[in-house]
Amino acid sequence: MKHIVIIGAGIGGIATANLLAKAGYKVTIYEKNSTPGGRAGLLEIDGFRFDTGPSWYLMPDVFKHYFELLDRDVSSELDLVRLSPAYKVFFESQPPLTVTSNIDTDAATFESIEPGAGLQLRKYIDDGDIIYQLSLRHFLYSNFSSLSDFLKRDILVRSVSLLKRAFTPIDRYVSGFVHDQRLKQILEYPMVFLGTSPFAAPAIYSLMSALDFRESVFYPRGGMYTIIERLVAIGSDLGVTYHFDTPVDRIMTTNGTATGIRLSNGKELTADIVISNADLHFTETKLLDEPDRSYPQTYWQKQQAGPSALLMYLGIKGSLPTMEHHNLLFVDNWEQNFKDIYIDKRNPSPASIYVCKPSASDDTVAPNGHENVFILVPLPPDATVDDTDIESLADQYIIQFSQMTGIADFAERIVSRELFGPNDFRTKFHAWQATALGPSHILKQSALFRTSNKSKKVKNLYYVGGSTTPGIGLPMCLIGAELIYKRLSGDTRGGAVVKIEHIEESS
Numbered sequence: 000m001k002h003i004v005i006i007g008a009g010i011g012g013i014a015t016a017n018l019l020a021k022a023g024y025k026v027t028i029y030e031k032n033s034t035p036g037g038r039a040g041l042l043e044i045d046g047f048r049f050d051t052g053p054s055w056y057l058m059p060d061v062f063k064h065y066f067e068l069l070d071r072d073v074s075s076e077l078d079l080v081r082l083s084p085a086y087k088v089f090f091e092s093q094p095p096l097t098v099t100s101n102i103d104t105d106a107a108t109f110e111s112i113e114p115g116a117g118l119q120l121r122k123y124i125d126d127g128d129i130i131y132q133l134s135l136r137h138f139l140y141s142n143f144s145s146l147s148d149f150l151k152r153d154i155l156v157r158s159v160s161l162l163k164r165a166f167t168p169i170d171r172y173v174s175g176f177v178h179d180q181r182l183k184q185i186l187e188y189p190m191v192f193l194g195t196s197p198f199a200a201p202a203i204y205s206l207m208s209a210l211d212f213r214e215s216v217f218y219p220r221g222g223m224y225t226i227i228e229r230l231v232a233i234g235s236d237l238g239v240t241y242h243f244d245t246p247v248d249r250i251m252t253t254n255g256t257a258t259g260i261r262l263s264n265g266k267e268l269t270a271d272i273v274i275s276n277a278d279l280h281f282t283e284t285k286l287l288d289e290p291d292r293s294y295p296q297t298y299w300q301k302q303q304a305g306p307s308a309l310l311m312y313l314g315i316k317g318s319l320p321t322m323e324h325h326n327l328l329f330v331d332n333w334e335q336n337f338k339d340i341y342i343d344k345r346n347p348s349p350a351s352i353y354v355c356k357p358s359a360s361d362d363t364v365a366p367n368g369h370e371n372v373f374i375l376v377p378l379p380p381d382a383t384v385d386d387t388d389i390e391s392l393a394d395q396y397i398i399q400f401s402q403m404t405g406i407a408d409f410a411e412r413i414v415s416r417e418l419f420g421p422n423d424f425r426t427k428f429h430a431w432q433a434t435a436l437g438p439s440h441i442l443k444q445s446a447l448f449r450t451s452n453k454s455k456k457v458k459n460l461y462y463v464g465g466s467t468t469p470g471i472g473l474p475m476c477l478i479g480a481e482l483i484y485k486r487l488s489g490d491t492r493g494g495a496v497v498k499i500e501h502i503e504e505s506s
């Protein structure tokens, strides 16, 4: 039985381990931290249960498909709740709006703000859904191994439109549908979670709004970390072995072939295949000798990182009835907000902020009579904020939050507070430029232009996770795991795998 070693127990590493164990490999994971999940971690403090990173359960079809590959039913593995409303939007100088994921209701909301915008929303969502379905069939599950991946009839008939969108910023594209800034912000905000700006992201990402408005927004009761817990449990059933608190400091190679890893304590471990779920920049520049690097330091100097972030985990006494599960706070000067982050490289003030209150849907995440609040403030890539500054910065954004939501006594009601900032991303995750997400999804870092999941220099060395193909987010990491399986099984088709076959003997 061939042995695969995986560096890192983020969701990409965990998901890959499960598929490859099912395919017949012996799989061992080495993780530097004490618990699995990577950015999708868990913080339990003062009776509160906080998801430390991802908090949106989007692309439910991707989760459903992944669990089916493991002969599991996602609805049996996770207690999924459909959120209604999907989210609430607070504006700096306008009344708030809610998005329901009911297209009739949301179209009426758009229409009430801008005549004709209801019909335009339907067109925008229909259009985005076409691109999303096209992506599922041909792009997201593809390693782009052949030009034939693009020579499909449904791609060719839309080739002119796809090319036009690829080179059109989504802000300009959205302006062709709606004009009111509030409506534009609602359609453009998903670019934040792709690590980029709506003024830089290609319009092909209009597909993201189809997920909001058509597929609905879900939440796994118990928190997002229940996904990690279930995947680890399934892996254990399949024979995956985990070693925590075990940093790796070298990928060993011989004559251009990966032969194993060296732990930070000096112990060397052999393997037939090595897969790194660690940050790709760290993997390439720290774990490999220079001749073995597909992406040397000079490559990274030309790339754009997604934003860093200030994360706040707040326990609040009493209820917050005006807030929903997901909340977005948008500033008036939308363009300046992104200019601050990506061009001027300064902390935005005021800032557009994301706030999650999972206790709106789940009474297990906070003590009785309290609310669980997670706040994310995007900061510039490579931000440098020391421990003193991070506290004052948090205070500043908490004041802004109170003003925009009208919750005047919010700060006084905080009974538990933990912060996670740029330096934490660097030290805990070896994050390139302290990014909270990974390389930005600008055009030159998307789809076939994103870093490959297979080393160009070292045989039997592969990469998985948000810093490689297909990209950022939990669903993308699940797809990335499947792409590794396709690499090892020799499957070059563009669509999703139907069934995990036993491939160990033939690989």
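The sequence shown begins at 0 in numbering that gives the first Met the number 0 and counts up by one.
By construction, the Cβ of each residue, glycine as well, lies at the ideal position given by its N, Cα and C atoms.
Because the structure is a prediction, the values reported are computed rather than measured.
Per DSSP, the bridge partner or partners of residue i
i           : result
residue 251 : 259
residue 375 : 310, 353
residue 87  : 97, 326
residue 9   : 36
residue 507 : A question about residue 507 goes unanswered here, because the residues of the chain that appear run from 0 up to 506.
residue 274 : 5, 461
residue 217 : 56, 81
residue 369 : 316
residue 417 : 312
residue 304 : 438
residue 453 : 461
residue 201 : 168
Range of the contiguous beta strand (DSSP E) that encloses residue i
i           : result
residue 307 : 307-316
residue 421 : Run containing residue 421: none in the beta strand (DSSP E); it sits in the alpha helix (DSSP H), 421-428.
residue 327 : 325-329
residue 440 : First-last for residue 440: undefined, no H or E at that position.
residue 44  : 41-44
residue 181 : Premise fails: residue 181 lies in the alpha helix (DSSP H), 180-187, not in any beta strand (DSSP E).
residue 267 : 267-269
residue 49  : 47-50
Euclidean distance between Cα positions of residue i and residue j
i           : j           : result
residue 129 : residue 15  : 29 Å
residue 60  : residue 206 : 14 Å
residue 414 : residue 316 : 6 Å
residue 506 : residue 238 : Any reading at residue 506 must be qualified, since the residue scores a pLDDT of 44, below 50, and its modelled position is unreliable; no value is offered.
residue 163 : residue 362 : 47 Å
residue 481 : residue 495 : 8 Å
residue 410 : residue 401 : 8 Å
residue 340 : residue 248 : 32 Å
residue 476 : residue 36  : 12 Å
residue 432 : residue 80  : 35 Å
residue 509 : residue 18  : As displayed, the chain neither begins before 0 nor continues past 506, which places residue 509 out of reach and without an answer.
residue 377 : residue 34  : 25 Å
residue 273 : residue 479 : 15 Å
residue 289 : residue 460 : 15 Å
residue 159 : residue 203 : 12 Å
residue 192 : residue 375 : 11 Å
residue 500 : residue 342 : 47 Å
Whole-angstrom C-beta distance between residue j and residue i, which should lie under 8 Å
i           : j           : result
residue 277 : residue 434 : Their Cβ separation, rounded to whole angstroms, is 14 Å, which puts residue 277 and residue 434 out of contact at 8 Å.
residue 351 : residue 371 : At roughly 22 Å, the Cβ-Cβ gap does not stay under 8 Å, so residue 351 and residue 371 are not in contact.
residue 227 : residue 10  : 6 Å
residue 223 : residue 39  : 6 Å
residue 326 : residue 89  : 7 Å
residue 198 : residue 474 : Actually they do not touch by this definition, with Cβ atoms about 25 Å apart.
residue 466 : residue 201 : Not confirmed; about 19 Å, so no contact.
residue 243 : residue 43  : Wrong, their Cβ atoms sit about 17 Å apart, outside the cutoff.
residue 92  : residue 331 : 6 Å
Limits of the alpha helix (DSSP H) - the one that residue i falls within
i           : result
residue 208 : 206-212
residue 243 : Run containing residue 243: none; DSSP gives neither H nor E here.
residue 166 : Premise fails: residue 166 is in no alpha helix (DSSP H) and is neither H nor E.
residue 75  : 73-76
residue 136 : 116-137
residue 394 : 386-404
residue 297 : 296-299
residue 231 : 224-237
residue 108 : 102-112
residue 283 : Counting along the chain, residue 283 falls outside any alpha helix (DSSP H), and DSSP gives it neither H nor E.
residue 475 : 473-488
beta-carbon residue i near the ligand GDP non-hydrogen atom, thresh 7 Å
i          : result
residue 29 : Among the components of this structure there are no ligands whatsoever, and the ligand GDP is therefore not found.
At a cut of 8 Å, does the segment 399-418 reach the segment 306-325 through at least three beta carbon pairs? yes
Below 8 Å, how does it come out for the segment 112-129 and the segment 210-230: are there three or more Cβ pairs, yes or no? The answer is yes - the segment 210-230 touches the segment 112-129, with three or more Cβ pairs under 8 Å.
_For the pair the segment 380-397 and the segment 342-356, tell me if three or more CB-CB distances fall below 8 Å._
yes
Review point. Are three or more beta carbon pairs between the segment 437-448 and the segment 458-471 nearer than 8 Å?
Key: yes
Q) For the segment 282-292 against the segment 250-261, are there 3 or more C-beta pairs whose distance is under 8 Å? A) In short, these stretches touch, since the Cβ pair count reaches three.
Item to check | At least three beta-carbon pairs within less than 8 Å, the segment 419-431 to the segment 443-461 | outcome: no
Open item on the list: Would the segment 45-52 count as touching the segment 259-274 if we require 3 or more Cβ pairs under 8 Å?
Closed with: With a cut-off of 8 Å, the segment 259-274 and the segment 45-52 do not count as touching, because too few Cβ pairs lie within range.
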